[in-house]
Each structure stands twice: as C-alpha cells, then as structure tokens.
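All remarks here apply to the structure that follows.
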Amino acid sequence: MSKSTLETLIIEKFNSHGFIGDSINDIGDNISKKQLINAKEIFNSITICDPAIGSGHYLVSILNTMLLYKAKLGLFDNIDENQLSIVDDMLVINNIDDYNNSMIDKTVHKIYKELYESKQLIIENSLFGVDINPKSVYISRLRLWIELLKHTYFITKKELVLLPNIDINIRQGNSLLSKYLLNEDFNSLFKVDIFTNYKDLVKEYKNPKNNRIEIQDRIDDVKYKFDDDYENKNKFEWRYEFPEILDNNGKFIGFDLIIGNPPYIRQELIKELKPLLEENYEVYKSTSDLYTYFYELSFNLLKNDGIIALLSSNKFCRADYGYSLRKFLKDKTKIISIVDFEKQKQFKEATTDILIFITQKKTQKDNDFSVLDHQLNQKYTMKQDELNYSHYSFSNSENQTLINKINGLGTPLKDWNVKIKRGILTGLNEAFIINQQEKDTLISQDGKNKEVIVPILKGADVKKYKINFNNEYLLNIHNNPSIDIEEYQKIKNHLNQFEQKLQTRSDKGSTIYNLRDCKFISYFKQEKIIWQELTDKSNFTLDTNGYYTLAGTFIMTGTNLKYILSILNSKLIEWYFHSMANSSGTGTMQWKKTFVERLPIVKIDKKEQNKIISLVDLILSQNSDHNYSGLKQQIDEKVYQMYNLTSEEIELIENWYKDKFLKKKILNKVPKQGKLL
Numbered sequence: 001m002s003k004s005t006l007e008t009l010i011i012e013k014f015n016s017h018g019f020i021g022d023s024i025n026d027i028g029d030n031i032s033k034k035q036l037i038n039a040k041e042i043f044n045s046i047t048i049c050d051p052a053i054g055s056g057h058y059l060v061s062i063l064n065t066m067l068l069y070k071a072k073l074g075l076f077d078n079i080d081e082n083q084l085s086i087v088d089d090m091l092v093i094n095n096i097d098d099y100n101n102s103m104i105d106k107t108v109h110k111i112y113k114e115l116y117e118s119k120q121l122i123i124e125n126s127l128f129g130v131d132i133n134p135k136s137v138y139i140s141r142l143r144l145w146i147e148l149l150k151h152t153y154f155i156t157k158k159e160l161v162l163l164p165n166i167d168i169n170i171r172q173g174n175s176l177l178s179k180y181l182l183n184e185d186f187n188s189l190f191k192v193d194i195f196t197n198y199k200d201l202v203k204e205y206k207n208p209k210n211n212r213i214e215i216q217d218r219i220d221d222v223k224y225k226f227d228d229d230y231e232n233k234n235k236f237e238w239r240y241e242f243p244e245i246l247d248n249n250g251k252f253i254g255f256d257l258i259i260g261n262p263p264y265i266r267q268e269l270i271k272e273l274k275p276l277l278e279e280n281y282e283v284y285k286s287t288s289d290l291y292t293y294f295y296e297l298s299f300n301l302l303k304n305d306g307i308i309a310l311l312s313s314n315k316f317c318r319a320d321y322g323y324s325l326r327k328f329l330k331d332k333t334k335i336i337s338i339v340d341f342e343k344q345k346q347f348k349e350a351t352t353d354i355l356i357f358i359t360q361k362k363t364q365k366d367n368d369f370s371v372l373d374h375q376l377n378q379k380y381t382m383k384q385d386e387l388n389y390s391h392y393s394f395s396n397s398e399n400q401t402l403i404n405k406i407n408g409l410g411t412p413l414k415d416w417n418v419k420i421k422r423g424i425l426t427g428l429n430e431a432f433i434i435n436q437q438e439k440d441t442l443i444s445q446d447g448k449n450k451e452v453i454v455p456i457l458k459g460a461d462v463k464k465y466k467i468n469f470n471n472e473y474l475l476n477i478h479n480n481p482s483i484d485i486e487e488y489q490k491i492k493n494h495l496n497q498f499e500q501k502l503q504t505r506s507d508k509g510s511t512i513y514n515l516r517d518c519k520f521i522s523y524f525k526q527e528k529i530i531w532q533e534l535t536d537k538s539n540f541t542l543d544t545n546g547y548y549t550l551a552g553t554f555i556m557t558g559t560n561l562k563y564i565l566s567i568l569n570s571k572l573i574e575w576y577f578h579s580m581a582n583s584s585g586t587g588t589m590q591w592k593k594t595f596v597e598r599l600p601i602v603k604i605d606k607k608e609q610n611k612i613i614s615l616v617d618l619i620l621s622q623n624s625d626h627n628y629s630g631l632k633q634q635i636d637e638k639v640y641q642m643y644n645l646t647s648e649e650i651e652l653i654e655n656w657y658k659d660k661f662l663k664k665k666i667l668n669k670v671p672k673q674g675k676l677l
C-alpha cells in the first residue's frame, strides 16, 4: 500500500510542477542539473500523516520508500538508484560492506551520511502521526529513531553524529476530535511574531544540542496562548499542533497524503463519543463503527488533490450505516484504486473482511478506477459513476452489466408484501433451550407446561428447501404479553438452576424468567420462509409447522412465499448476493435482512408463477436432496429465462458456481488450524 500510493503521489506532485512523466523513472530521466534544486524542494515539501499510527509501521515503510524513490528520481548526490532496494519494507544498500568507520571507505561514508541526512529531513519535515494510545506513540517514535540510527555516521574517527530530537512529530491525542475547526480564524492569536516564534521553537527542539525540556516548556507557553486546554488528550488540535503544515500566516494548508489502518472498534463501544462525532462529521450514523470517521477526517486533513490510502473494514461498502460515507466518497473524491480482500482473512484474529481504499481529494467526471480482487488475483477497471449509494459492488464490466440488468428487471424484496424479522434472542440458550427428554419430563410433571414449550430451530437446522429438526424446544416464557412463571412451577424450578446467569444476562423481560419483548412473536406460528444467517450459499426453506427460530436465522411472512422462495434459492440470486453483501470474515456470507430485502425479485403473472411453484411443491415433498437436484436445475433455468439472461450470462453464473464448489472441496481437504493461543 505504501509503495504504490507514494508512487502515485510523487508522480502527481511532480507533474503539477511541470516535471511530466508517467512513472518515477520517466520523471527522473527528465530532471536536468539546472532543475535539481527545484526538484529537491518539491520532494522535500511532501507531507504525510497517519492519524491512527499504532506501531508506526506505515510511517517506517513510507520513510524507506521515499528514500528509494528519491534515488530513482536522481536527487541524491552520492547514491545511485541501483544501490538501494526495499525488502520487507526495509531499506537495503546493495553491494557494500558494513560501515564501521569513516576512515575505511570514503564512498561508503558518503552514502551513510547522505542517507542519514535524508532520513532526518524526511522524519522532521515530512512524516507526522497521532495516536490516542501513549504506548503506540512511544513505539512509533522509537521505530523511527531506530531507522535513523541504522545509518548514523562518524564525524571523527571515534565520534558518531548526534541523533536529533525527532519525537515532536509523533503526538498523543484523539485525532478524531478537535476544539477548533481547520478553517478557524486564528488571526487574533497568530500574531506574526508569536507564530514565527512558535515555528522557530519547533525547529530548535529538533536540534540535539539544545535543551529539549527547556524548549518544550517554551513551546507549551506559546500553545497556552492559543488554547488553555491544549494538554487535553481526549482531543487533538490539528489547527496548530503541526506548524509544518501551516502557511506563513498560520492558516492550515493540509497534508499531501493520509495513510493508515484506522482501528476497528464497534459502535457499541463508542457511545460516549457519538454526540461529538455527530456534531463534527457529516458521515455520522449512530450505528457506524469508529473506522468510518477516519475517511472524512482524512479528507479534511488533505490539501486539494491530496491522497487518502486506508486499510479498513469493507463493511461500509454494503452496510446501512455506510450510506453517508459511500455518498461522500463517490461525490467528493476521485477513487484511484481498491484492493478487495473479500472472504480472505488477512489477520488471524480478524472477523471482518478488509479492503485498501485509495482515493483523491478532487472530483472528476467519467473517472475510471482499478479494482484488484485479491482472492482471484484479478484486476479490472470500473467507472466511478457505476457505484451505487445503496451499496458498493466491485466487479468487472461484464459482471456489472449483468448486475445492472438484474436490478432493472427485479423489484426489491422489501417492496413486496412481506415482513422480515430475526430469530429469538434468549440471552441464555442453555436455560431456555431443552431437548426431547427434558421436554417429556416437564410435560409429564405438569401437562400445563405444554402451553409454553415450542419447537425451536437453530441456523444449522435450516437447509435449502429443508428443515432438519433436531428435537430441541424453547421455553417460550415471553414478555409481551407477559407470561407469569408462577403458573409453571416445574419450569421455574428448571430455570432456577441458572438463576445467577439469568440475573446478569442482557436480553431479558420484566423478570429473570421472561424472554425479552418480542412484538412479532405471533409471526412464528404463521407460514413463513426461514433462512440461515451465516452460510456460504442460499439456504431458504418454507415452514408450515409453526417452528420458532433462534437468533442466527431470519423469518419472512407475507404473500407469494413459494414463488419468492424459488427465486431466493436460485443460482442467479446466490451469484447476485455475493456481489452485494458482506462476508462474515470466516468464509461465509451474512444473509442479513439489510441485504436480503434489497434482492431484486422479478414480477411475473400468476400463470407463470404457478409453473415454478409446482416445482417448489415437488421439492418440498421430497425426503432426500438427491431426489430433487433435477427439480432445482429446472427452477434455475426458469429463473434465467425470467430475467432474460443470454447464454453468455448464464455461462458466467454457472462457471462462478462451479468454481465456488471446487474451491469449497479443496478447502475442506485442508487440515484446520489450531486455536490461537
């Protein structure tokens, strides 16, 4: 991410200053000796920030990559581009012996000296970072200091150059929140002499010969004139904390590049921040996870034409909470490239899919951007205009054309006469879910108990067109209207075994024995479609027996259920769903209401509906999957016809389905990894 993004930035930066070229090498070849000073000034003016720096990985990677590109541009005096390379984000000097003393080899000494000075210049003037965690700040400073230390050089036979104070550009604070707006008018505070003094003090701080503590105190005195609350780590004042990105009048200029991996913190854990986030971010949504706000923050921190490169969860591309962010990015930025890691775990502990999103602070009509499907190792181009506010679907032009065709012919499921609800949350399944033997015992003890014992299904019990009832039952002590547990003493005795856990569970009703309110409890007794939430394929079935279902499933009541069922279980819809829904991060898709209700169901007349419904009836009457595979194929063929698919489009879906099945077979043969310790 660092290498490709920085390359794009440097090419844009130099092109805008008249150094034209399609690659860094092209630009370097065209820089004359007379232009060297100007070219160096352009390179040295680049500013890069990571607003959630973590361990400092990206800034270290950027540092070494900048040195490599500086060599490729021919901006070193003593280093040729062939002498430097990057291996695992580390800078390598090729074909020289270890440097022990300046007297051994003057050439090596010059290389080390120039590398050291270039690193120092980049760290002091180009690299910036913020993190709310003081340990992260410390580690990041240390890593940059070590990078500088690697190329320290001798100034005499026995004396090494003094290391500068480079910690001032890595700061602690909550980068998402600020007291002052970036365009805040500080004219009354930023008097010319005060501001000049502030910038001079920051420069003095970096000099290792100066008293760092004394200078820091003087810097703090100046900051106090700007803001008497400047030491508050629950905010970060971008407006004045980095004088390097302010102009001579103290106005905020912005960075050239914002890069990073914002923290993935679920929205439930940031409740206290939400009022402040709502006040400061137009992409705010109460259910948005924390990482989403770093996109808008990054945009605001950039100069015009600056670049954002973030590695984040891809959930914003499809989740309801991502609507405002999707609109923001599509309307206000020029997307450069996306690397999609859909259904691939890049980190062992991760339970969400990720992407690399690279975009620019500018707008451009008819913009094309590249998409790399990391799983398939395929790269293709998309038009930004084809992105939909409702969800971002990344696919090649052939797939996108078919998606648009299906959308045009179908009506979203939510606009049919249906209602979709989730399964029941008990808060403590071990207490409220009983087996056949426990059910029989409770009923034998008191026949009245039968009134509140109902058959229950878990997600794994629901298959395509089938229900595998596992003889499990729910103690349906619901809360709305409330059931009095005192009327069912034997059930109360059973639940009392779990009294402490019942007390502390979050999902409960008016007493510890009651389930939480469920306004749609009556829906479970109706004819309905049931499906499994986390599965790698469409698993929809019809229930006419009044099964209740647990969380991990969804139910749908309404009209035309058998017809809708045939469409939902088709290969066409399964292919379509994989293009627009989120993966769970564990190899399955999330068949949630928010995605399923968007599925485009084609409307046909009743006569044609009855033809496909007759096939559904035949399947539902079969006992074995082997007995109805041919019937499913007939339904798939009819669905292709209903959506007017061409032979090429049918082949596209069929080939995808075969590839998916083959990959599953291969993965099933791979030994499963042990648990993380």
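At position 669 of the sequence shown (counting the first as 1) the number is 669 in UniProt numbering, and the numbers step up by one without a gap. For glycine and all other residues, C-beta sits at the position ideal for the given N, C-alpha and C.
Point to revise | Buried/exposed call for Thr5, threshold 16 Cβ in 10 Å | key: buried
Point to revise | contact_flag[the segment 357 to 367, the segment 400 to 408] where n(CB pairs < 8 Å) is 3 or more | key: no
Practice item. Compare the beta carbon distance of Ser136 and Pro51 with 8 Å and say whether it is the shorter of the two. Key: no
Review point. Going by the beta-carbon positions, is the gap between Gly427 and Arg505 smaller than 8 Å?
Key: yes
Exercise for review: Output the distance between the C-alpha atoms of Asp88 and Ser629, rounded to the nearest integer angstrom.
Suggested key: 50 Å
Point to revise | Contact set for Tyr58: own chain, Cβ-Cβ below 8 Å, skip 5 residues either direction | key: Met1, Ser2, Asp50, Ile259, Gly260 and Asn261
Point to revise | Local conformation of Ile369 per DSSP, three classes | key: For the sequence presented, residue 369 should be read as Phe rather than Ile. Here Phe369 sits in strand by DSSP.
Review point. Applying the criterion that 16 or more other CB atoms from any shown protein chain within 10 Å of the CB defines a buried residue, is Arg141 buried or exposed?
Key: buried
Review point. Which of the three DSSP states, helix, strand or coil, is assigned to Phe595?
Key: helix
Review point. Closest to Glu12 by CA distance: which of Ile245, Leu257, Ile215 and Asn280 is it?
Key: Leu257
Practice item. Ignore the nearest five residues each way along the sequence and tell me which others in Gln503's own chain have a CB closer than 7 Å to its CB. Key: Ile512
Exercise for review: Could you check what DSSP says for Ser102 in three-state terms: helix, strand or coil?
Suggested key: Only weak support is given to the placement of Ser102: the predicted model assigns it a pLDDT of 48, under 50, and the value that follows is read from those uncertain coordinates. Looking at Ser102 - three-state DSSP - the assignment turns out to be coil, as it is neither helix nor strand.
Check your understanding: In this structure, does DSSP put Met382 in helix, strand or coil?
Key -> strand
**Study point:** Whether Asn449 touches Leu442 by CB criterion (8 Å)
**Key:** yes
Point to revise | CB of Asp517 within 8 Å of CB of Asn479, strictly | key: yes
Practice item. With DSSP collapsed to three states, give me the class of Ile96. Key: coil
Exercise for review: Report the option in Lys315, Leu387 and Lys334 whose CA atom is closest to the CA atom of Leu355.
Suggested key: Lys315
Review point. Which class does Gln360 belong to by DSSP, given the choice of helix, strand or coil?
Key: strand
Practice item. Give the secondary structure of Pro262 by DSSP, where H, G and I count as helix, E and B as strand, and everything else as coil. Key: coil
Practice item. Can you check DSSP and say which residues form a bridge with Gly410? Key: Val602
Point to revise | Cβ-based neighbour list, Lys672, same chain, cut-off 7 Å, excluding 5 preceding and 5 following | key: Unreliable positioning characterises Lys672 in this predicted model, as indicated by a pLDDT of 45, which lies under 50. The coordinate reading is nonetheless provided below. Within the same chain, Lys672 has no close Cβ partners at all.
Review point. Can you give, in chain order, each stretch of the alpha helix (DSSP H) that sits fully within the segment 133 to 161 and has at least 4 residues?
Key: 134 to 149
Practice item. Output yes or no for whether 8 Å exceeds the beta carbon distance between Val452 and Ile491. Key: yes
Exercise for review: Report the three-state DSSP secondary structure of Trp531 (helix, strand or coil).
Suggested key: strand
Point to revise | Limits of the unbroken alpha helix (DSSP H) element including Tyr69 | key: His57 to Lys72
**Study point:** Beta-carbon spacing of Ile521, Glu472 below 8 Å
**Key:** no
Practice item. Tell me, please, which residues DSSP counts as bridged to Ile335. Key: Thr359
Exercise for review: Return the residue from the list Gly28, Ile420 and Phe76 that minimises the CA-CA distance to Val596.
Suggested key: Ile420
**Study point:** Nearest to Asn404 (by Cα), restricted to the options Asp385, Lys119, Val222 and Lys414
**Key:** Asp385
Check your understanding: Which residue or residues does DSSP assign as beta-bridge partners of Lys421?
Key -> Ile555
Review point. How would you label Glu241, buried or exposed, when you count the other beta carbons within 10 angstroms and need 16 or more for buried?
Key: buried
Review point. How close, in whole Å, do the beta carbons of Ser324 and Tyr291 come, if the pair is a contact with beta carbons under 8 Å?
Key: Not a contact, Cβ separation roughly 14 Å.
**Study point:** Buried versus exposed, by CB contacts within 10 Å (16 or more), Asn435
**Key:** exposed
Check your understanding: What three-state label does DSSP hand residue 679 in the structure shown?
Key -> The structure shown has nothing for residue 679, since the chain only spans 1 to 677.
Exercise for review: Mind checking which residues open and close the beta strand (DSSP E) that includes Ser313?
Suggested key: Leu302 to Ser313
Exercise for review: In angstroms with no decimal places, state the Cα-to-Cα distance between Asn623 and Lys271.
Suggested key: 50 Å
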